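The next block holds one structure in the form of structure tokens; read it before the comments.
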Amino acid sequence: MGWSFSIGSISGIRIRIHLTFALFLVWIGIAFWSEGGRPAMINGLVYVLLLFACVVLHEFGHILTARRYGSQTLDVVLLPIGGVARMKSIPEKPSQELAVALAGPCVNFAIAAVLFVVLGSQTIMQDVTRPAKDIPILSQLAIANIALAVFNLVPAFPMDGGRALRALLSYRMDRASATALATRIGHVLAIGFGVLGFIAGHPLLMLVALFIFLGATAENNNTQLHQLARRLKVSDGMLTRFSTLPV
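The opening position of the sequence shown corresponds to residue 2 in the numbering used here, with each subsequent residue numbered one higher.
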């Protein structure tokens, strides 16, 4: 992916940071510095970096599960909106796609479970009642991982829940039809989120709605194009009628 640079690799998969993510870290640092000086800036950056480490683990949940089914991954790119695992192909067998889709959120639930055990559920629940700036980083991380898992399970593309929904629908219909139906469901949810965000005056929710709507549309277009290409034969693109030109 352009405008990105490598920071290393895990299990043979290159981890890349997009330029916009680096700029995002600078913006986060400045924002926290303006609120509480150097200590606030350090705490804010540590939290964001730990959160994105969880995002990378989420993506590797997908990657390692897909690898079991023969799918290879090019790299993982970190963006301000999250991580993107660029796979050469995604398993299309319903049971395999379902496993790959759910692997990511399961990683986040597992991280949250470990933090709840280590810190104590009562401690975390008490921490979250404090003002945001006073909540310990690990308690924030536990809650954030639950939020990441739940958000990704929304049954709409491009989230994991949308792929899980398509996999379940694929047990009853062909993949193209399952994608089209999952896309319509995603559009309905996106419109609902958009209306709710408008009524509540919540611009972030409206942005999420746009993200879901466009992501669902793109996934449907890609799938339909892929299915169309599969039905074409080489002979369909060949010139089979010839005309003789006088010399």
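Positions of the beta carbon are idealized from the N, C-alpha and C atoms, including for glycine. If you're wondering where the values come from, they're calculated on a predicted model, not measured in any experiment.
When the Cα atoms are used, what is the spatial distance from residue i to residue j?
i: V108; j: H59; result: 6 angstroms
i: A168; j: I43; result: 42 angstroms
i: G183; j: I18; result: It should be noted that the sequence gives Ala, not Gly, for residue 183. So the alpha carbons of these two residues sit roughly 31 angstroms apart.
i: L205; j: T124; result: 30 angstroms
i: F33; j: L24; result: 14 angstroms
i: L226; j: S72; result: 20 angstroms
i: W4; j: A113; result: 32 angstroms
i: G193; j: V115; result: 34 angstroms
i: K89; j: P40; result: 42 angstroms
i: A157; j: A165; result: 9 angstroms
i: N221; j: A177; result: 8 angstroms
i: W28; j: S122; result: 32 angstroms
With burial defined as no fewer than 16 other Cβ atoms inside 10 Å of the residue's Cβ, what is the status of residue i: buried or exposed?
i: D161; result: buried
i: V56; result: buried
i: V101; result: buried
i: G84; result: buried
i: L20; result: exposed
i: F6; result: exposed
Leaving out five residues before and five after residue i in sequence, what residues of the same chain have Cβ atoms less than 8 angstroms from its Cβ?
i: Q127; result: none
i: N153; result: H59, G105, P106, N109, M160, D161 and G162
Looking only at its own chain, which residues have a Cβ that is under 6 angstroms from the Cβ of residue i, when we skip the five neighbours before and after it?
i: H63; result: A86, V101, A104 and G105
i: A179; result: R167, L170 and S171
Excluding the five sequence neighbours on either side, which residues of its own chain have a C-beta within less than 7 angstroms of the C-beta of residue i, listed in chain order?
i: F214; result: H188 and A191
i: A150; result: P106, N109 and F110
Given 8 angstroms, three or more beta-carbon pairs between the region 11 to 19 and the region 68 to 82: yes
Any 3 or more C-beta pairs closer than 8 angstroms across the region 47 to 54 and the region 131 to 144: yes
The region 142 to 152 contacting the region 176 to 190, beta-carbon criterion three pairs below 8 angstroms: no
Length-filtered (3 minimum) beta strand (DSSP E) runs lying within the region 77 to 132: 83 to 88
Every unbroken beta strand (DSSP E) within the region 6 to 90, with a cutoff of 3 residues, ordered by chain: 14 to 19, 74 to 80 and 83 to 88
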